[in-house]
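Right, one structure below, let's go through it.
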Amino acid sequence: MHLPNLPRAFDVDSTQGHQTLIAFIALHTVAGLVLLPILCATFAFARVKRHPILPVMSSCLVPASFLGTLLFYADHSLYDTPLAMGRLLHSPVCLTQAALLHHPVPPMMAVAIAVLLLHLWNTVRDATTSVEAEKPKPWKLTSLLLAPFVAFVVFALASTLMMANDFANDRAVIELRLYCKFEHNGIAIVRAVFTGLVLVVTACCAGRISMRLFHLSPGMKNAAERAALCRVAVLFVYVVLGIVFSVISVFTVSPITDMYLATIPMVIFLLFASSKDIREAWSFWK
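Reading the sequence shown from the start, the letters are residues 0 to 285 in numbering that gives the first Met the number 0.
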């Protein structure tokens with residue numbers, strides 16, 4: 000079994016790499032492990048009415064952020080010798096992160112955003128048509144709520160099995176950039192294609208929502224409706240960026256893609272925590 004070297008594409012020991020690593024950990028810690036749990040707790044315990052899709056989709060990002068900072072919390076974020084880094088790359092913490100983060104999390108995030116946009120589309124469509132909205136069947140809602148977790152489990156199993164097979168055949172490649180990654184061309188291509196296709200469908204959905212809301216914008220009389228239009232527009236831009244980075248990840252290795260994923264929890268928090276009823280729920284002193 001060989002000990003992989005630090006990848007040439009990105010050196011976390013460099014000044015720029017160290018700053019990027021700090022930003023990566025800070026984004027996941029502040030947004031994914033502090034702010035989003037507070038938002039989900041507000042949905043659960045405060046008098047804030049939200050469809051269950053929103054808190055469940057937000058909660059998907061919490062384990063993703065935990066996995067992204069796993070080395071940091073396990074006190075393995077620092078290494079100063081090749082031997083120490085060799086041990087790190089084959090430690091249980093690093094291998095767990097390699098199997099569960101790099102390949103399973105992007106599909107889970109993509110499906111979560113797709114489900115959220117699909118829900119928004121149904122809401123906007125029902126609100127702007129004269130036809131009475133049908134109550135969704137329980138099995139459909141359950142399927143939507145479970146979809147991101149199913150995507151995560153499928154890719155996690157595939158990643159774990161392929162990594163175990165590569166270790167058994169002494170060809171496993173575990174690399175350390177911003178976190179431990181299991182490098183495997185086959186699953187990387189499948190992940191990128193799946194994520195890209197989901198995001199393309201999501202972008203089409205976001206585009207339709209934006210166009211419908213834009214046509215209705217002259218008649219929007221309150222700030223909540225205009226805020227909804229802004230939220231969908233921001234999500235549309237972010238989804239398009241996700242498509243671009245999904246394609247880039249197939250051809251090159253760059254920390255930009257990882258930093259893009261690290262910003263998603265903060266963006267989701269800012270978008271949905273800015274609602275008036277959320278702010279009022281947090282204004283406990285009033």
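Glycine included, every Cβ here is placed at the ideal spot set by N, Cα and C.
In this text, all values refer to a predicted model and were calculated from it rather than measured experimentally.
Counting Cβ pairs closer than 8 Å, one from the segment 160–180 and one from the segment 198–207, do we hit at least three?
no
*asked:* Pop quiz: A202 and F244 are said to be a contact at Cβ under 8 Å. What is the actual Cβ separation, rounded to whole angstroms?
replied: Residue numbering aside, residue 202 sits at position 203 when the sequence shown is read from its first letter. Residue numbering aside, residue 244 sits at position 245 when the sequence shown is read from its first letter. The C-beta distance from A202 to F244 rounds to 13 Å, too long to meet the 8 Å contact threshold.
- Is the segment 38–53 close to the segment 99–107, with three or more CB pairs under 8 Å? Contact between the segment 38–53 and the segment 99–107 is absent: fewer than three C-beta pairs spanning the two stretches fall below 8 Å.
inquiry  = Could you tell me the alpha carbon to alpha carbon distance between I327 and N168, rounded to whole angstroms?
reply    = Past the edges of the chain, shown from 0 to 285, lies residue 327, and the structure says nothing about it.
task: Alpha carbon to alpha carbon, how far is L88 from E174? Give it in angstroms, no decimals.
output: Counting from one through the sequence shown, the residue named residue 174 turns up at place 175. Counting from one through the sequence shown, the residue named residue 88 turns up at place 89. Going from the Cα of E174 to the Cα of L88 covers about 7 Å.
Exercise for the section: Using DSSP bridges, identify the partner residues of K180. Expected result: As a first step, residue 180 is located in the sequence shown; it is residue number 181 there, counting from the start. E174, per the DSSP bridge assignment.
Q. What's the C-alpha gap between L270 and C179?
A. For this step, residue 270 is matched to residue 271 along the sequence shown. For this step, residue 179 is matched to residue 180 along the sequence shown. L270 and C179: Cα-Cα distance of roughly 30 Å.
Q) Counting along the chain, where does the alpha helix (DSSP H) carrying G67 start and finish? A) By 1-based counting over the sequence shown, the position of residue 67 is 68. 52–67 is the extent of the alpha helix (DSSP H) around G67.
Counted within 10 angstroms of its Cβ, other Cβ atoms place Y72 as buried (16 or more) or exposed
Counting from 1 along the sequence shown, the entry for residue 72 is found at position 73. Exposed, since its Cβ has fewer than 16 Cβ neighbours within 10 Å.
Q. Would you call the CB atoms of H27 and A261 closer than 7 Å?
A. Here residue 27 refers to the residue found at position 28 of the sequence shown. Here residue 261 refers to the residue found at position 262 of the sequence shown. Yes, these two residues count as a Cβ contact at 7 Å.
| message | Taking 7 Å as the threshold (C-beta atoms), are G241 and L196 in contact? | response | Start at 1 with the first residue of the sequence shown, and residue 196 comes out as number 197. Start at 1 with the first residue of the sequence shown, and residue 241 comes out as number 242. At least 7 Å separates the beta-carbon of L196 from that of G241.
> Since A272 is in the alpha helix (DSSP H), which residue starts that stretch and which ends it?
Replying inline: Locating residue 272 in the sequence shown gives position 273, where the first residue counts as 1. Taken as a continuous stretch (DSSP letters only), the alpha helix (DSSP H) holding A272 covers 254–272.
If you check the beta carbons only, do P264 and S64 fall under 7 Å apart?
On the sequence shown, position 265 is the one that residue 264 refers to. On the sequence shown, position 65 is the one that residue 64 refers to. Result yes, Cβ atoms of P264 and S64 sit closer than 7 Å.
Note to self: Just to confirm before moving on: does the CB-CB distance between L99 and A171 stay below 7 Å?
What the structure shows: One-based indexing of the sequence shown puts residue 99 at position 100. One-based indexing of the sequence shown puts residue 171 at position 172. For L99 and A171, no; Cβs fall outside 7 Å.
*Would DSSP call K275 helix, strand or coil?*
Working through the sequence shown from its first residue, we reach residue 275 at position 276. Helix at K275.
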